[in-house]
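K.L.:
Sharing a structure, written as C-alpha cells. Questions coming.
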DNA sequence: GCGACAG
DNA sequence: ATCTTGTCGC
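In the working numbering, the protein residues as written are 59 to 275.
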C-alpha cells in the first residue's frame, strides 16, 4: 500500500478520539509488584514496506536477557507525529500478550504527548500493565530546569509529565506510561543506564531489530 | 498563518 | 525510522 493510500484509509480523527478515550484510563500512581522481569519493545523497518517488531524479556536488576520474540509484517499505518502507537503498538501488544513480566519499557513517549497518550501509555492501558516511555527527542511539553532536575511540563496545566535524564552526554525523555509515577519512572530508567546511551534493555532490543533486518533483507 | 513534530 | 562516507571529537 502506498503512503498516500495508507493515509487516506487511516482515519486520523477516529485515532485521536480513541487516544482521548484511552487517556482517561491512565493511572499515574505506583501500581506494580516488585520488578523482577522487564519487557522491552522496539522496531525497525525495511523500506516503507515491512516492520520488524521485537520484544525482549530481561531479568531485573541483572538485566540478563531471558528470551525474545519478533514479528515481521507489512506496515499498515503511516508515521504521523502523535499517532505513532497506531503504527507500532499492535505488534507490541501481540508480542507482549504471550510473555510474563512486571513492567514494559517502550521506545517512545508515555504521557509526554499532546493528548497524554504516547505509545508507552497506549500499550500500558491496553494491556493494563505498568509501562514507561523513553524517547530520544521531545514531542510535546516545555522543558524547565530547576537545580539538577530537568522536567517536561504540560504548558496547559503546568504539571510535570516527564523528566529529562542525561545519559552519555545526551538527553533521554522519560515519562510514565501507566501505573507508575513520573518520579518512579525516572528512577527506574536511571537504574537501567549502564554503558550505552539507551537503557540496556532498549539498547539490546534495538540491536536485535537491526540484526534481524540484516538477516531478512 | 506559523512553528513543532516520538519512531 | 531510513537513506549513507567520510569524518569530527572524546
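Built from N, CA and C at the ideal position, the CB exists for glycine as well. In this text, all values refer to a predicted model and were calculated from it rather than measured experimentally.
(1) Residue 110 and residue 135: beta carbons closer than 9 Å?
(2) Do you know how far the Cα of residue 75 is from the Cα of residue 157?
(3) Secondary structure at residue 93, three-state DSSP: helix, strand or coil?
(4) Just how far apart, CA to CA, sit residue 164 and residue 195?
(5) Quickly, what does DSSP pair residue 245 with across the bridge? List them, please.
(6) Could you compute how far the alpha carbon of residue 236 sits from the alpha carbon of residue 270?
(7) Let me check understanding here. Comparing Cα to Cα, which of 95, 170, 275, 247 lies closest to residue 117?
(8) Taking the C-alpha atoms as reference points, what is the distance between residue 221 and residue 232?
(9) Closer than 8 Å by C-beta to residue 142: which residues in its own chain qualify, once you throw out the five before and the five after it? Chain order, please.
(10) DSSP on residue 73, reduced to helix/strand/coil?
(11) Run through the DSSP bridge pairs and tell me what residue 204 is partnered with.
P.N.:
In short, the structure shows the following:
(1) Their beta carbons are not under 9 Å apart, which means residue 110 does not touch residue 135 by this criterion.
(2) 29 Å
(3) coil
(4) Residue 164 and residue 195 have their C-alpha atoms roughly 14 Å apart.
(5) The partner list for residue 245 (beta bridge, DSSP) is empty, contrary to what the question assumes.
(6) Each residue's alpha carbon lies about 29 Å from the other.
(7) 95
(8) 5 Å
(9) 166, 176, 177
(10) Reduced to three states, the DSSP call for residue 73 is helix.
(11) DSSP output for residue 204 lists 207 as bridge partner(s).
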